[in-house]
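S.K.: Shown below is the structure under consideration.
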């Protein structure tokens, strides 16, 4: 599989000329995640690593890895700010913009300006994205939403069980047998 396309399990993100619609929106974050998958074979056989090694710019690989990690902590997940001062800080250069600008091209290999669907909610917040990182962020965000949904459903089921028990305890067995009554009470209590 080429290194500049999303995995085929999903429809590829379309890149039309210079326009690329990022697969996540502002607010789609992975801030509570402490790990991301690292596709070792893809990295080691990538044009990025080959180019960095051929040009004797090994430091670009480390800087890129730092930025990849930081990208997953951004909003939306998997993007970076298109701002040299912020990028220098995220890459560990602090306020040394001159050194950052010397490393920028190599460290941001494959990154490009991207459009975020709800960009109007963050005017002036231009973002960079990388197709491979975007695919990982999209997949991780989907799993996160699934876990969040399962957790919410589990909490609702627990609330219904408690309501049912309490109804039986207060001698309202007929109400306890009605899923509609139990659901209504559980939802009402959940709103409080």
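Residue numbers (UniProt numbering): 1 to 192.
The beta-carbon is built from N, C-alpha and C at its ideal position, and this holds for glycine as well.
Source: prediction; values computed, not measured.
Based on DSSP bridge pairs, tell me the residues matched to residue 55.
M.R.: Its beta-bridge partners do not exist; DSSP assigns none.
S.K.: At the level of alpha carbons, what is the spacing between residue 24 and residue 30?
M.R.: Looking at the two C-alpha atoms, the distance is approximately 11 Å.
S.K.: Would you mind reading off the limits of the alpha helix (DSSP H) that contains residue 187?
M.R.: Here the alpha helix (DSSP H) through residue 187 covers 179–190.
S.K.: Report the three-state DSSP secondary structure of residue 63 (helix, strand or coil).
M.R.: Residue 63 falls in the helix class under three-state DSSP.
S.K.: Return helix, strand or coil for residue 141, following the three-state DSSP convention.
M.R.: Reduced to three states, the DSSP call for residue 141 is helix.
S.K.: Is it the case that the CB of residue 185 approaches a heavy atom of the ligand HEM more closely than 7 Å?
M.R.: Only the bare structure without any ligand can be found here, which leaves the ligand HEM out of the picture.
S.K.: What is the residue span of the alpha helix (DSSP H) that residue 100 lies within?
M.R.: Here the alpha helix (DSSP H) through residue 100 covers 97–107.
S.K.: Skipping 5 residues on each side, what residues in its chain have a beta carbon closer than 7 Å to that of residue 92?
M.R.: Closer than 7 Å at Cβ, skipping near neighbours: 66.
S.K.: Can you give me the start and stop residues for the alpha helix (DSSP H) that residue 113 sits inside?
M.R.: Segment 111–114 is the beta strand (DSSP E) holding residue 113; no alpha helix (DSSP H) there.
S.K.: Measuring only the C-alpha atoms, how far is residue 12 from residue 49?
M.R.: For residue 12, the predicted model reports a pLDDT of 49, less than 50, meaning its position is unreliable; a value from the coordinates is still stated below. Cα to Cα, residue 12 sits roughly 23 Å from residue 49.
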